[in-house]
Amino acid sequence: MPRFTLPRDLYYGPDAISELKNLKGYKKAIIVTGGSSMKKGGFLQKTEAVLKEAGLETMLFEGVEPDPSIETVFKGAKAMRDFEPDVIVAIGGGSPIDAAKAMWVFYEYPEKSFEDIKDPFTMPKLRQKAIFVAIPSTSGTASEVTAFSVITDYSTNIKYPLADFEITPDIAILDTSIPQTMPKKLTAHTGMDALTHAIEAYVATARSDFSDPLAIKAISDIYDSLVDSYNGDKDARAKMHIAQCLAGMSFSNALLGIAHSLAHKTGAVFDIPHGCCNAILLPFVIQYNSKVCMERYAQIAKAIGLAGYTDKQLVNSLVDSIKEMNKKLNIAQTYKENGVSEELLNANIDKIAANAVLDPCTASNPRPIDVENMKKVLMCAYTGEDVTF
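To convert a position in the sequence shown, counted from 1, into this note's numbering, add 1.
Written out as structure tokens, the structure reads:
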């Protein structure tokens, strides 16, 4: 039976962090965060202050790394078991939110192993001990509204996208003051991640009448605001923060495709940020998938006012527009231009392609793919040659 799941409450706008006051009646909150940016901007201190004013005892778990590791997840879960919170608050980019989601599982079920939950929709029922609040600082991952968490196994250099509606946050807080502090490169990469989320959701096999409007609205707003956001426009940054959330609501239910499958597997191996990988891959994946869903991509092109009389012309316009946006965001168009050597590619391409085929996002891609075709798509994204097969 199809399902559409979102957080119960979503607070948004300037100073939305103050809405944590609605947690009165809870006793303890653990705050999971990454580096110093949230503290430097005063947002971490404000989160603590509002929680304390609401009567909650607080504890900080800091230092979640970019692309959080399994080891960090288990360390955080132990801290939760020692503190026994009934609220988990994750603040920062996608990494601390993703890590806190996985910590939540092992806090409530310490007997579970990572192997027990890494397959999609295999998690036990949560909220036995705590609810989850997410406060994103970046405008891209939308982890604050999704059923996903990406955790990295550094022993194999594989990113595992955990997927289960159980880890959809209970409360999402989109304080539009926070993304104003993002550096330009992070704004570019997270913005292209959000665009990839929305486009992949619109063509995914699990798309629906509920997810489609969210995806199209997100795509339109991202096209309107991402470049201006990159250039520091405050209103555009606020608009992007909402747009990426709309994209998240869509893809959390419609699912994704092979741009994300390959981004998950190339990011760790090539040491390239996830959003940058998506920016590179998206035009080539559209070319590959357009063999079976050209009209869907053409609908996107029409919605954002691109030129073309036929579906094929519209799809070509969409691909060209994404490449042009990458240029405006100073994102190089290929893996080769991003510094990946032929030696590194050749040494890993078989493993990357095989793991990408097994990635959960591949199952919802509109066009089936095997290892050989996955290798071909990756090679095109490396050289810049069009996908014509």
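Think of the CB as a built atom: it goes at the ideal place given N, C-alpha and C, for glycine as much as any other residue.
- Only buried fits M81, as 16 or more other CB atoms lie within 10 angstroms of its CB.
- Contact annotation, F390 with N374: C-beta distance approximately 7 Å; criterion of less than 8 Å satisfied.
- Going by DSSP, T191 is part of no beta strand (DSSP E) but of the alpha helix (DSSP H) stretching over 185-204.
- Under the criterion of beta carbons closer than 8 Å, T6 and N254 qualify as touching, at roughly 7 Å.
- Beyond the five residues adjoining it in sequence on each side, D10 comes within less than 6 Å, by CB distance, of I172 in the same chain, given in chain order.
- Pairing I152 with I71 gives a Cβ-Cβ distance under 9 Å.
- Inclusion of P121 and T34 in the CB contact set at 9 Å is not warranted, their separation being larger than that value.
- Between the C-alpha atoms of L307 and Q300 there is a straight-line separation of about 10 Å.
- DSSP places P162 in the strand class (E or B) of the three-state scheme.
- If you compare the alpha carbons of A207, S19, I118, Q181 with that of I168, the shortest gap goes to I118.
- A205 and G268 do not touch by the CB rule: their CB atoms are close to 20 Å apart, not below 8 Å.
- Between the alpha carbons of L45 and E386 lies a gap of roughly 45 Å.
- The beta-carbon separation of F285 and V388, rounded to 5 Å, stays under the 8 Å limit for a contact.
- Distance from the CA of S212 to the CA of E201, rounded to the nearest whole angstrom, comes to 11 Å.
- When N279, L346, K235 are compared, the shortest CA-CA separation from K324 is found for N279.
- When only Cα atoms are considered, A199 and Q314 end up about 21 Å apart.
- Taking C-beta atoms as the reference points, D312 and E296 count as a pair closer than 9 Å.
- When DSSP reads this structure, K29 sits in a beta bridge with E58.
- Taking C-beta atoms under 8 Å as the contact rule, F62 and F107 fail to qualify, at a distance of about 13 Å.
- C-alpha of S178 to C-alpha of F149: approximately 25 Å in a straight line.
- Residue pairing by DSSP leaves P86 without any beta bridge partner.
- Annotation: L330 is outside any beta strand (DSSP E) and is labelled neither H nor E by DSSP.
- Its chain contains A237 as the residues whose beta carbon lies nearer than 7 Å to that of D229, once the 5 sequence neighbours on both sides are disregarded; these appear in chain order.
- Note that the C-beta distance between I332 and I287 is not below 9 Å.
- A straight line joining the alpha-carbon of A101 with that of E109 spans about 12 Å.
- Rounded to whole angstroms, K126 and K113 show a C-alpha spacing of 12 Å.
- With 16 or more other Cβ atoms inside 10 Å of its own Cβ, P86 counts as buried.
- For Y27, same chain residues with a beta-carbon under 6 Å away, outside a window of 5 residues either side, are L57, D87, V88 in chain order.
- Judged by beta-carbon spacing, F271 lies within the 9 Å limit of V341, meaning their Cβ atoms are closer than that value.
- In terms of Cβ geometry, P8 and P180 do not form a close pair [threshold 9 Å].
- Per DSSP, F5 has no beta-bridge partner at all.
- Classified as buried, M104 has 16 or more neighbouring CB atoms from the shown chains inside 10 Å of its CB.
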